[in-house]
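Please read the structure below before turning to the comments.
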Amino acid sequence: MPLTARSRRKPGTRILVTLLCGLLPILSGTAILYLQAERTLHQSAEQTADEALRQFELMLDNTAQAARELLPLAGQPCDTAQLALREQVTRRPFVRSTNLVWDNNLYCSSLFGHFKEAVNPGDYTQGKLWLMNGNPVTPNTALLVYRLSDGRSGALTTLDGYHLSNILRLIGRQTLLLLQVGNNWLSADGKVHQGALPPLPVAQSTLNSSRYAFSVSAGFPEGEVWRYMADEYPPLFSLLIFFGAVSGAIGYIVQKRSTSPSHEMLRALEAGEFIPYFQPVVHGDSKQWSGTEVLMRWNHPKEGLVRPDLFIPFAEHSGLIVPMTRSLMQQTAALLGPVSPAFVTPFHIGINISARHCQNLELVQDCREFLAAFEPGSIHLVLELTERELIEPTDITHRLFCELREAGVKIAIDDFGTGHSSLTYLRTFNVDFLKIDQSFVAMIGLDALSRHILDSIIELCAKLDLGIVAEGVETEEQSQYLTLHHVNFLQGYLYGKPMPAADFINALTHR
Ligand code: C2E
Ligand code: CA
Ligand code: CA
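Dropping the structure here:
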């Protein structure tokens with residue numbers, strides 16, 4: 000049966016959807032964490048570059064100060080100036096050597112005293128700074144030379160590369176830091192390289208000094224973002240996995256629910272799978288077809304025709320029974336309206352309703368529309384209310400039954416004798432017919448007690464002036480007994496089983 004049948008989704012699809020639901024928060028959370036890690040690394044690179052830049056500027060301040068103090072001595076004989084040169088080297092922490100220049104010729108050095116070497120201003124970035132890969136005294140050792148010149152005089156002070164690479168190493172730590180001066184650059188290992196800076200793959204940040212002709216670049220090696228995430232975010236990853244599991248579980252449950260009975264029935268309702276079957280109701284005396292009970296069937300695409308007792312309880316529970324009955328009434332009106340000339344009038348059309356219908360007044364409009372599809376007076380619309388489902392007499396139900404009565408709708412108590420409706424109940428709802436349950440009819444000729452009950456019901460109906468319909472008439476004996484006891488209408492396999500509209504209409508019009 001369709002409502003307990005396995006979901007229409009294949010297990011593979013369900014697993015896939017569950018996996019996607021689980022992966023979604025993990026993947027989106029990881030993407031957010033990745034962006035966050037990238038931002039953090041960017042900030043860190045910027046800070047590191049800034050700090051290194053300030054340190055280099057401080058050192059260059061020191062070196063430049065020495066040059067400034069020595070510049071007035073340029074042109075003086077080396078013997079006179081030499082002491083001042085050495086004093087600067089001794090007093091200034093970062094100054095390694097000092098030199099005097101005249102007419103672009105280095106003529107006096109703190110280290111060698113008299114000296115002779117040509118100075119090419121073009122070697123200096125902006126004429127001021129030159130990052131050298133050592134000199135004849137210390138080859139292959141980085142050296143930063145600061146040049147100050149004024150007319151023919153000049154002073155050169157040098158800063159030991161050891162201090163520079165120390166800064167790159169100590170401030171850089173996890174960060175790659177590079178110092179660039181013109182076309183040369185220095186790495187943390189103290190080596191001077193020529194040419195363009197190598198790109199720093201992650202979070203590269205380059206800062207130019209506003210005071211000296213150098214720049215500092217900071218960044219991280221390839222894969223640093225993932226490494227950073229692995230170091231810093233393990234608790235967040237656990238949380239993401241937790242959310243993933245919860246989301247996967249929700250996805251799974253929602254999929255299961257989406258194939259729940261009410262969902263499946265809603266689909267069926269929209270697909271028009273609930274159709275009316277018609278069982279004839281015959282007149283007690285003439286046995287002429289004088290009405291029909293409309294019985295719902297589910298024309299399921301896979302399961303075939305489904306009996307109402309297998310799905311009606313779900314429909315009542317979910318409230319879907321209201322739109323389902325509406326659809327059934329609309330289909331019945333469209334099918335039987337055009338053949339109403341073939342009716343024995345007034346033709347009884349019984350529609351089963353449930354307690355759910357009595358919670359508001361919607362049913363009145365449905366009945367009005369139903370009646371409007373037929374010639375006035377050609378039918379009796381009989382709403383069958385099962386006795387097994389007691390209806391609370393509230394303001395709403397009173398109004399509902401009043402309005403139904405005004406609209407000309409009849410009320411029948413279905414399955415009478417199986418429930419516990421009292422006489423007050425019968426009066427409260429202004430009942431027109433009682434439908435004797437088939438279990439009593441089946442006992443005719445078999446069980447004396449049931450026959451007594453049956454007789455009492457028939458008697459009661461006569462006293463209350465109610466019409467009687469006997470259900471489940473299967474044998475001639477039952478038929479005769481009921482007719483003898485003036486039961487107005489008979490219904491059962493003896494006269495016709497519930498049948499599709501085409502068969503019913505065909506039989507009706509050819510009678
Ligand atoms: P019900 O209202 O008492 O309907 C009569 C049931 O008795 C029908 O079963 C009918 O096929 C069956 N029946 C008729 N004559 C005989 C007979 O001579 N012998 C036997 N053994 N059975 C006979 P069906 O169509 O399977 O419907 C079962 C129940 O489902 C109905 O009982 C009614 O309570 C419910 N139902 C059917 N259609 C609807 C509907 O549109 N709305 C609601 N709320 N309930 C419906
Ligand atoms: Ca019924
Ligand atoms: Ca019944």
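Using numbering that gives the first Met the number 0, read the sequence shown as starting at 0 and increasing by one per residue. Backbone N, C-alpha and C fix where the C-beta goes; we use that ideal spot for every residue, glycine too.
Apart from the five residues on each side of it in sequence, which residues of its chain come closer than 7 Å, Cβ to Cβ, to residue i?
{"i": "Ala73", "result": "Leu99, Val100, Trp101, Ser152, Gly153 and Ala154"}
{"i": "Cys460", "result": "Leu433 and Ile467"}
{"i": "Leu507", "result": "Trp288, Val338 and Ala341"}
{"i": "Gly243", "result": "Gly21, Leu22, Pro24 and Ile25"}
{"i": "Leu206", "result": "Ala48, Asp49, Leu52, Ser214 and Val215"}
{"i": "Pro392", "result": "Thr427"}
{"i": "Pro499", "result": "Tyr276"}
Roughly how many angstroms separate the alpha carbons of residue i and residue j, rounded to a whole number?
{"i": "Ala535", "j": "Glu374", "result": "The chain is shown from 0 up to 510; residue 535 falls before or after that span and cannot be answered."}
{"i": "Met328", "j": "Ser27", "result": "50 Å"}
{"i": "Ser326", "j": "Met295", "result": "10 Å"}
{"i": "His299", "j": "Ala314", "result": "15 Å"}
{"i": "Glu388", "j": "Ala354", "result": "7 Å"}
{"i": "His379", "j": "Glu361", "result": "19 Å"}
{"i": "Ile274", "j": "Leu22", "result": "43 Å"}
{"i": "Leu448", "j": "Pro10", "result": "55 Å"}
{"i": "Arg5", "j": "Pro260", "result": "Bear in mind that the predicted position of Arg5 carries a pLDDT of just 43, short of 50, making it unreliable; the figure below should be weighed with that in mind. The straight-line gap from Cα to Cα measures roughly 11 Å."}
{"i": "Leu110", "j": "Asn134", "result": "12 Å"}
{"i": "Arg172", "j": "Gln75", "result": "46 Å"}
{"i": "His41", "j": "Ala48", "result": "11 Å"}
{"i": "His485", "j": "Glu302", "result": "42 Å"}
{"i": "Gly491", "j": "Arg404", "result": "28 Å"}
{"i": "Asp230", "j": "Gly189", "result": "29 Å"}
{"i": "Phe400", "j": "Lys255", "result": "40 Å"}
{"i": "Pro175", "j": "Ser204", "result": "Note that residue 175 is Leu in the sequence shown here, rather than Pro. Taking the straight line from one Cα to the other gives about 10 Å."}
Grouping DSSP H, G and I as helix and E and B as strand, with all else coil, what is residue i?
{"i": "Gly243", "result": "helix"}
{"i": "Gly181", "result": "coil"}
{"i": "Asp284", "result": "coil"}
{"i": "Glu37", "result": "helix"}
{"i": "Ala441", "result": "helix"}
{"i": "Ser208", "result": "coil"}
{"i": "Tyr276", "result": "strand"}
{"i": "Ser148", "result": "strand"}
{"i": "Phe570", "result": "Any answer about residue 570 is impossible in this case: the structure gives the chain only from 0 up to 510."}
{"i": "Ser108", "result": "strand"}
{"i": "Gly133", "result": "strand"}
{"i": "Ala73", "result": "coil"}
{"i": "Lys462", "result": "helix"}
{"i": "Phe488", "result": "strand"}
{"i": "Thr291", "result": "strand"}
Restricting to Cα atoms, I'd like to know which of the options is closest to residue i.
{"i": "Asn103", "options": "Cys77, Leu57 and Gly150", "result": "Gly150"}
{"i": "Tyr227", "options": "Gln35, Ile504 and Pro499", "result": "Gln35"}
{"i": "Phe219", "options": "Thr508, Leu403 and Leu177", "result": "Leu177"}
{"i": "Leu84", "options": "Glu68, His397 and Gly444", "result": "Glu68"}
{"i": "Asp436", "options": "Ile412, Thr137, Thr423 and Phe428", "result": "Ile412"}
{"i": "Pro312", "options": "Val281, Asn139, Pro279 and Asn351", "result": "Asn351"}
{"i": "Phe93", "options": "Ser148, Thr47 and Ile166", "result": "Ile166"}
{"i": "Arg13", "options": "Val253, Arg90 and Gly181", "result": "Val253"}
{"i": "Phe346", "options": "Asp365, Leu304, Asp464 and Gln278", "result": "Gln278"}
{"i": "Phe457", "options": "Ala406, Val440 and Gly243", "result": "Reading off the sequence shown, one finds Ile at residue 457, where the question assumed Phe. Per the Cα distances, Val440."}
{"i": "Ser209", "options": "Gly243, Ile504, Gln479 and Leu57", "result": "Leu57"}
{"i": "Val201", "options": "His192, Ser186, Ala217 and Tyr211", "result": "Ala217"}
{"i": "Leu334", "options": "Leu15, Thr79 and Asp502", "result": "Asp502"}
{"i": "Ser455", "options": "Asp394, Gln179, Gly416 and His509", "result": "Gly416"}
{"i": "Val408", "options": "Leu105, Val430 and Asn487", "result": "Val430"}
Excluding the 5 residues flanking residue i on each side, which residues of the same chain have their C-beta closer than 6 Å to its C-beta?
{"i": "Gly126", "result": "Pro120"}
{"i": "Ala17", "result": "Looking at the sequence provided, one finds Thr at residue 17 rather than Ala. Taken in chain order, the residues that qualify are Gly247, Gly250 and Tyr251."}
{"i": "Leu147", "result": "Ala66, Leu70 and Ala154"}
{"i": "Gly181", "result": "Thr124"}
{"i": "Thr3", "result": "Low confidence applies to Thr3: its pLDDT is 49, below 50, so where it sits in the model is not reliable enough to give any reading."}
{"i": "Ala372", "result": "Ala332 and Gly336"}
{"i": "Gln54", "result": "Ile166"}
{"i": "Asn183", "result": "Leu130, Val191 and Gln193"}
Could you spell out the range, first to last residue, of the beta strand (DSSP E) harbouring residue i?
{"i": "Lys115", "result": "Gly112 to Ala117"}
{"i": "Thr157", "result": "Ser152 to Asp159"}
{"i": "Val100", "result": "Val94 to Trp101"}
{"i": "Ala411", "result": "Lys409 to Phe415"}
{"i": "Phe219", "result": "Ser214 to Phe219"}
{"i": "Glu388", "result": "Run containing Glu388: none; DSSP gives neither H nor E here."}
{"i": "Val305", "result": "Gly303 to Val305"}
Could you name the residues of the same chain whose beta carbon sits closer than 8 Å to that of residue i, not counting the 5 residues immediately before and after it, in chain order?
{"i": "Glu368", "result": "Met328, Gln329 and Ala332"}
Name the two residues that bound the continuous alpha helix (DSSP H) containing residue i.
{"i": "Asp78", "result": "Cys77 to Arg90"}
{"i": "Ala501", "result": "Ala500 to Thr508"}
{"i": "Ser261", "result": "Pro260 to Glu269"}
{"i": "Leu403", "result": "Asp394 to Glu405"}
{"i": "Val321", "result": "Ile320 to Leu335"}
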